[in-house]
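Right, one structure below, let's go through it.
Structure below.
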């Protein structure tokens, strides 16, 4: 607990101290928000890259399975479900 100001001058000095503290907190919140925004963007970019790689691998796997079946269908002249 701090001492209560008794004179007008002490009240003014006390208010200036509070204003400095509020300014410091606002500055801290602004800089923290900027850093968090950048970090969130980085994580979002990494997730996007991961999803693109996963999607590409999935498409490649489907193509790798489908092409041999497709070639067999044309070579044997039978429907793919009978191959």
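In this note's numbering, the protein residues as written are 1 to 83.
Don't be surprised by glycine CBs; every beta carbon is placed ideally from N, CA and C.
Coil, strand or helix - residue i by DSSP
i: residue 33; result: helix
i: residue 66; result: helix
i: residue 23; result: helix
i: residue 16; result: helix
i: residue 3; result: coil
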